[in-house]
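Colleague: Before we start, here is the structure in question, set down as structure tokens.
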Amino acid sequence: MAEKLWAGRFSKETDSSVNAFNSSIAFDARLAMHDIAGSRAHAAMLASRGMISKEDGLDIDRGLARIADDLTSGKLAFDPQAEDIHMFIEAELTRRIGDAGKRLHTGRSRNDQVALDLRLYLREQCEKISDEIRQFSVVLLELAENHVETWMPGYTHLQRAQPISLAHHLMAYVEMLARDLQRIRQTRERMNVLPLGSGALAATTYPLDRQMVAEALSFDQISMNSLDAVSDRDFAIELAADLSILMMHLSRLAEEIILWASQEVSFIELDDAYSTGSSIMPQKKNPDVAELCRGKTGRVYGDLQTLLTLMKGLPLAYNKDMQEDKEAIFDAVDTVLLCLPAMAGTVRTMTINRENMAKAAAGGFTNATDLADYLVVKGIPFREAHEISGKLVATCISKGIALDDLALADYKKHSPLIEQDIYQTISIETCVRRRDLPGGPAPRQVQRSIELARTRLSSNL
Ligand code: ARG
1 MAEKLWAGRF SKETDSSVNA FNSSIAFDAR LAMHDIAGSR AHAAMLASRG
51 MISKEDGLDI DRGLARIADD LTSGKLAFDP QAEDIHMFIE AELTRRIGDA
101 GKRLHTGRSR NDQVALDLRL YLREQCEKIS DEIRQFSVVL LELAENHVET
151 WMPGYTHLQR AQPISLAHHL MAYVEMLARD LQRIRQTRER MNVLPLGSGA
201 LAATTYPLDR QMVAEALSFD QISMNSLDAV SDRDFAIELA ADLSILMMHL
251 SRLAEEIILW ASQEVSFIEL DDAYSTGSSI MPQKKNPDVA ELCRGKTGRV
301 YGDLQTLLTL MKGLPLAYNK DMQEDKEAIF DAVDTVLLCL PAMAGTVRTM
351 TINRENMAKA AAGGFTNATD LADYLVVKGI PFREAHEISG KLVATCISKG
401 IALDDLALAD YKKHSPLIEQ DIYQTISIET CVRRRDLPGG PAPRQVQRSI
451 ELARTRLSSN L
């Protein structure tokens, strides 16, 4: 068992079951590099302000750099018996450089240290996740670009409603992802505050230069209340909330992909490389990737719930309960980083069945609204036009044909105002092209939103 760095006032060894119960190294080991970066910045500040000697400062810095190298190369392994990553690194440093190592923790507590490490780590993960979201957006944009004139039904209540294009449908997800990016960027901004200097809860008597440490670690600000800085985890909760919303978006797309790949719908075919077979049914090709993303959404919601519940009853300031924050937020981050590239690959490689999409768009009376609008232009009040259009739909249903195939004579039975131009007006293509407002599905509007989205992405937003 590693020697306890806090054992001074204790007369008994910790029970081995308590050691195991208490230890967090199994999951906080992933903070090692951030812990080291934070300690190097802290030590450099202590040395430059004369709280430790220059030599000790240099020894600490070199020692920590070597520990980082040795962890990376695998020369140094984490001690599973260590209490946590902070204790492990400090003990290893002292083992290597002696007394100077014991001076590192001057003016610092593990409470502000862990708050720092978690902010540094999550700040980096925000970047990684954002990169993945951008890459996925590009995949969606590229597909959209090729399908600005691929007609498909738009749905409400999963019933065919009005015709749109596949590009318009895909661009809806690009917009969702743009807001996800924005949320993560704003969360990162609020997260980017240095907690170091808050000590255990009541700051410290040493004249630490917090600004210097903040600059060294690229924080925008320093925290303004020591109790708050060591005891809130709202930045992790906020990120978990952002990731939950992101997963909700991915899950909706996953659900559509699953539906579209079904034989009943057959709008797409998944690539063999992104689907799986059945152990018993030889004909099966299953959309497992999309299904797993839909399923994993539940994990991330659970992580958010864990964090919220964990924090809700805690008195100020630090409580050991908060050690439980890590596995939850790590799991949320890991899950999202798994799902984004998997979904991107699925979308990039799927084949679009234009004919089936167009057939579905033409088949479900998706142009009935346009028929009503045609009558409105001829002077009929909308409510009445709606009624006439509905009756015409009923006629077509009884004949088993589409509105496009109804004879002009039959149209005239319902309204003498209907002329030959009705066929042109209610063609699926016209229906989409005429929805020509910003945000609408007309090809040139979708083209514009694709361009806007591209500009947004290329400026890294
Ligand atoms: N492993 C601890 C955590 O993750 C570090 C902070 C420990 N602080 C303490 N006062 N015991 O929260």
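Residue numbers for the sequence shown follow our numbering, beginning at 1 and rising by one.
Backbone N, C-alpha and C define an ideal beta-carbon position, used for all residues, glycine too.
(1) I need the DSSP call for Trp6, collapsed to helix, strand or coil.
(2) What did DSSP end up calling Ser449 once you bin it into helix, strand or coil?
(3) From the DSSP output, in three-state form, read off Ser130 for me.
(4) With the cut-off set at 7 Å, would you say Gly50 and Ser109 are in Cβ contact?
(5) Tell me whether Met87, by its Cβ, gets closer than 6 Å to a heavy atom of the ligand ARG.
(6) Is it buried or exposed, Ile280, if we count other Cβ atoms within 10 angstroms and call 16 or more buried?
(7) Does the Cβ of Val114 lie closer than 6 Å to at least one heavy atom of the ligand ARG?
(8) Quick one: Cα of Ile258 to Cα of Glu13, how far?
(9) Just the Cα atoms here: how many angstroms apart are Phe21 and Ala82?
(10) Since Phe136 contacts Leu104 with CB under 8 Å, what's their CB separation in whole angstroms?
(11) For Leu141, count the other beta carbons within 10 Å of its own beta carbon; 16 or more makes it buried, fewer makes it exposed. Which is it?
(12) Buried or exposed for Asp131, going by 16 or more other Cβ atoms inside 10 Å?
(13) Are there three or more Cβ pairs, one per stretch, closer than 8 Å when the stretch 21-34 is compared with the stretch 75-91?
(14) Fully enclosed by the stretch 374-447, which alpha helix (DSSP H) runs are 4 residues long or longer?
(15) So, are the CB atoms of Met322 and Val213 less than 7 Å apart?
(16) Determine the extent of the alpha helix (DSSP H) in which Thr349 is found, giving its start and end residues.
(17) In angstroms, rounded to a whole number, what distance separates the CA positions of Leu253 and Pro163?
(18) Indicate, with yes or no, if the ligand ARG has a heavy atom lying under 6 Å from the CB of Ser24.
Modeller: So, from the listed chains and residues:
(1) coil
(2) helix
(3) helix
(4) Not a contact, by the Cβ cut-off of 7 Å.
(5) no
(6) So Ile280 counts as exposed.
(7) yes
(8) 57 Å
(9) 12 Å
(10) At roughly 42 Å, the Cβ-Cβ gap does not stay under 8 Å, so Phe136 and Leu104 are not in contact.
(11) It is buried - the Cβ of Leu141 has at least 16 other Cβ atoms within 10 Å.
(12) exposed
(13) yes
(14) Qualifying alpha helix (DSSP H) stretches, in chain order: 382-399, 408-414, 422-425, 428-433.
(15) no
(16) 325-349
(17) One C-alpha to the other measures close to 19 Å.
(18) Yes, the beta carbon of Ser24 sits closer than 6 Å to at least one heavy atom of the ligand ARG.
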